[in-house]
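Below is one structure, written out as structure tokens; comments come after it.
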Amino acid sequence: MKFKLTIAWLYPDLMSTYGDRGNLICLEKRCSWRKIEVEIKNITLETGISELLTADLLFMGGAQDRQQKVAADDFIHHKGPVIKRMINSDIPALFVCAAYQAAGYYYKPYHGKDIPGAGIFDLYTEHPGDQKQRLIGNCASEIVNLSELKGTTLVGFENHGGRTYLGGKMKPLAKVLTGGGNNGEDGFEGGVYRHAIGSYYHGPLLPKNPQLADWLIARALEVKYRKKIKLQPLVSFEEKVAHKKMLKSIT
Ligand code: GLN
Numbered sequence: 554m555k556f557k558l559t560i561a562w563l564y565p566d567l568m569s570t571y572g573d574r575g576n577l578i579c580l581e582k583r584c585s586w587r588k589i590e591v592e593i594k595n596i597t598l599e600t601g602i603s604e605l606l607t608a609d610l611l612f613m614g615g616a617q618d619r620q621q622k623v624a625a626d627d628f629i630h631h632k633g634p635v636i637k638r639m640i641n642s643d644i645p646a647l648f649v650c651a652a653y654q655a656a657g658y659y660y661k662p663y664h665g666k667d668i669p670g671a672g673i674f675d676l677y678t679e680h681p682g683d684q685k686q687r688l689i690g691n692c693a694s695e696i697v698n699l700s701e702l703k704g705t706t707l708v709g710f711e712n713h714g715g716r717t718y719l720g721g722k723m724k725p726l727a728k729v730l731t732g733g734g735n736n737g738e739d740g741f742e743g744g745v746y747r748h749a750i751g752s753y754y755h756g757p758l759l760p761k762n763p764q765l766a767d768w769l770i771a772r773a774l775e776v777k778y779r780k781k782i783k784l785q786p787l788v789s790f791e792e793k794v795a796h797k798k799m800l801k802s803i804t
């Protein structure tokens, strides 16, 4: 059977700082190496909802506060409600940093008024102002709430001022081994809601943690083709060596 996945890249012209485009490249490669056809659709402020609805997997990257504000109105009032329904139908998604914040109820930035969120994730984010330093640096954590990946490690790079606090409907993705995580206090990084993942890890996240890329691909195939899918294993030798080296150097 020939599989095909359509990946929606949300606001690529606004929310893709810190190399987060690399997550798309990783997903595309790990599909094509398995002969899974991939179509990537750029979903901009101008793109209609019908295009978004064709997606089997959603990705939205990080940004500075300014771009977060520019995307906010369209995300909250047009694309967000559709994305919320898609995620509630188990479509997998990855939201990195500013996207993770924007998917919550609100983000209180360092300057200016609160930026409302799409209310997809049960969380809120607040910048502590001058009280606390930005959370910046190489980081590592261990997955706790994805059953198929429990105990595997994540490495990445974080650069955020906002502190994110999860509500009861959002489980933490991983427990922090080193770095700030969601808020530098509770010892957790990221969040999971159904098949949607939020994370503060740039790097980009997926090439550094190929098991997570495969988890997203497998969920997207299972939801689309309505059957359990066992992905053909990939050697991923370089990825594993790089991951181990990074993990060793920071923990
Ligand atoms: N502007 C947000 C913050 O500083 C997110 C930054 C980012 O996406 N890296 O917390």
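As numbered in this note's numbering, residues 554 to 804 make up the sequence shown, in order.
Every residue, glycine too, gets a C-beta built ideally from N, C-alpha and C.
Per DSSP, reduced to three states, the secondary structure at PRO725 is strand. When distances are taken from the beta-carbon of ARG779 to the heavy atoms of the ligand GLN, even the shortest one reaches 8 Å or more.
Ranked by Cα distance from THR731, the options GLY715, ARG716, GLU711 are led by GLU711. Rounded to the nearest angstrom, the gap between the Cα atoms of LYS783 and GLN684 is 48 Å. Per DSSP, the beta-bridge partners of PRO669 are TYR659.
For GLU604, the enclosing alpha helix (DSSP H) has its first and last residue at 602-605. DSSP places VAL745 inside the beta strand (DSSP E), whose first and last residues are 741-746. In this structure, the beta-carbon distance from GLY734 to GLU679 does not fall below 9 Å.
Relative to the ligand GLN, the nearest heavy atom lies less than 8 Å away from the CB of GLY715. Here ILE596 is bridged, per DSSP, to LEU563.
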